[in-house]
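In my numbering, the protein residues as written are 73 to 471. Each residue gets a CB set at the ideal place from its N, CA and C atoms; glycine is no exception. Note that the structure is a prediction, hence the values are computed from the model and not measured. Remarks on the structure that follows.
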Ligand SMILES: Nc1nc2c(ncn2[C@@H]2O[C@H](COP(=O)(O)OP(=O)(O)OP(=O)(O)O)[C@@H](O)[C@H]2O)c(=O)[nH]1
Ligand SMILES: [Mg+2]
């Protein structure tokens, strides 16, 4: 998951709130230069209670029946208009987002930073244009990758009978774009694959836009929602027809740190928090927590950080969480750990895909799978559902 946006909107604050990693945060543009890479959690109902077992997770954690599954998150430098032509920090750093499956676009909903991220009085900048600016720069970056030597390449392909879709997929493979993705978009746009040299720049740009939407779906985290000027802008962002999550990253960071220090009971995504011992707080701590309660929790029912992460996976990517086990009756692995692992997988993943995720060898010697809930046998192309508990049966012998 990649965190993108113009400078000074709270990307690193969002990242820090999601990972509890200490990273530079400041109220001026280009605080972040090198990307921050960390681990956030996807939060989903565990299957332990339903199955009536006490689990012993290994690759994830289970807190009061909620599974926390680690997912990688990358926070990059701010993007400004003209980045593709080298403005700001340019767009080289977008390379750090190549592997991202989904993007969270952080926006300063309070309108207190201009298009370049410089401070302006709250409410004076309309963030709607920021969303399209960032997407446009992202597209120009992908366009640049594709257009490199385009004329020469397409001409020679037409002479030798080379496949343009394969060439394009090769160019974009580093961005997690597959041949199937390229073929799908080319078909949808009715681009003539036998004569790519005749494609106009507009058509190539259209290809890029559609490919971005398909392979890097994004949602808008409308950040700084605690500031009063955010309300109308959040409505404005929603009118763009985008998935918008009101977000208060700073509040989330504060709550998580307070929870870590034992001052409050709070778990990411909770709609409220409890102060453990009001008498133990300093006046400043007490005031800060009260502000969070009044300006964020009571208004939006949560800080939106965990919600953004969950929605990126479950809504945008239609991801599922699957629990592989070795013993389908006791729900354990070889060592007897109960429900040891939870894997995040793309929607549409099959039993064979799960085998591949667990171990390549398991996929190579795959015989069938078993649904631990029903005891039913599942074939290799059986499409898995969210929260499936599955045993893979393999021959253990290759070939
Ligand atoms: N009011 C409010 N301020 C926030 C919130 N999140 C971040 N900020 C402030 O916004 C400013 C920028 O935060 P950063 O996290 O450094 O922003 P960034 O987008 O990573 O900035 P660059 O790395 O420079 O692109 C800091 O002063 C933060 O304290 C929030 O939820 N509410
Ligand atoms: Mg930053």
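- Between residue 98 and residue 321, the C-beta spacing is not below 8 Å.
- The beta carbon of residue 83 sits closer than 7 Å to at least one heavy atom of ligand 2.
- By the neighbour-count definition (other C-beta atoms within 10 Å, threshold 16), residue 177 is a buried residue.
- Apart from the 5 residues on each side of it in sequence, residue 277 sits with its Cβ closer than 8 Å to the Cβ of 211 and 215 in its chain, given in chain order.
- Within the stretch 307 to 385, the complete beta strand (DSSP E) segments of 3 residues or longer fall at 316 to 318, listed in chain order.
- Beta-bridge annotation (DSSP): residue 74 is paired with 146 and 175.
- Taken in chain order, the complete alpha helix (DSSP H) segments of 4 residues or longer contained in the stretch 403 to 470 are 423 to 430 and 432 to 436.
- Selection 183, 429 and 107 evaluated against residue 164 yields 107 as nearest (Cα-Cα).
- Ligand 2 never approaches residue 168 closely enough for any of its heavy atoms to be under 7 Å from the residue's Cβ.
- In the DSSP assignment, residue 207 falls within the alpha helix (DSSP H) that extends over 200 to 219.
- Pairing residue 80 with residue 150 gives a Cβ-Cβ distance under 8 Å.
- In the DSSP annotation of this structure, the continuous segment of the beta strand (DSSP E) that includes residue 134 starts and ends at 133 to 135.
- By the neighbour-count criterion, in which 16 or more other beta carbons inside 10 Å mark a residue as buried, residue 104 falls on the buried side.
- Separation of residue 233 and residue 227 (C-alpha to C-alpha, rounded to the nearest whole angstrom) is 10 Å.
- Distance from the CA of residue 338 to the CA of residue 344, rounded to the nearest whole angstrom, comes to 7 Å.
- In the assembly as shown, residue 115 is a buried residue. Its beta-carbon has 16 or more other beta-carbons within 10 Å.
- Between residue 199 and residue 168, the C-beta gap is not smaller than 8 Å, which leaves the two residues out of contact.
- Residue 325 and residue 282 have their C-alpha atoms roughly 35 Å apart.
- For residue 305, the shortest separation between its Cβ and any heavy atom of ligand 1 does not lie below 7 Å.
- In this structure, the C-beta of residue 210 stays at least 7 Å away from each heavy atom of ligand 1.
- Per the coordinates, the alpha-carbon of residue 223 lies some 6 Å from the alpha-carbon of residue 269.
- Within the chosen limit of 7 Å, ligand 1 reaches the beta carbon of residue 321 through at least one heavy atom.
- Around the Cβ of residue 359, a 10 Å sphere holds fewer than 16 other Cβ atoms; the residue is exposed.
- With respect to the 8 Å criterion, residue 225 and residue 145 are not classified as neighbours on the basis of their beta carbons.
- Residues of the same chain with a CB within less than 8 Å of the CB of residue 383, apart from the 5 flanking positions on each side, are 291, 315 and 317 in chain order.
- DSSP places residue 116 in the uninterrupted beta strand (DSSP E) bounded by 108 to 117.
- Taking 8 Å as the upper bound for CB-CB distance, residue 302 and residue 294 are in contact here, some 7 Å apart.
- Residue pairing of residue 396 in beta bridges, as defined by DSSP: 462.
- Inclusion of residue 441 and residue 450 in the CB contact set at 8 Å is warranted, their separation being smaller than that value.
- Per DSSP, the continuous beta strand (DSSP E) segment holding residue 291 begins and ends at 290 to 295.
- Rounded to the nearest angstrom, the Cβ distance from residue 456 to residue 401 is 20 Å, too far for a contact under 8 Å.
- Contact between residue 131 and residue 413 holds: their C-beta atoms lie close to 5 Å from each other, under 8 Å.
- With a 10 Å radius around the Cβ and a threshold of 16 neighbouring Cβ atoms, residue 312 comes out exposed.
- Listed in chain order, the non-local C-beta contacts of residue 419 below 8 Å within the same chain comprise 389, 390, 391 and 392, local neighbours out to five positions each way being set aside.
- Distance check between residue 75 and each of 137, 140, 173 and 117 places 173 closest, using alpha-carbon atoms only.
- Not one heavy atom of ligand 2 is found less than 7 Å from the C-beta of residue 99.
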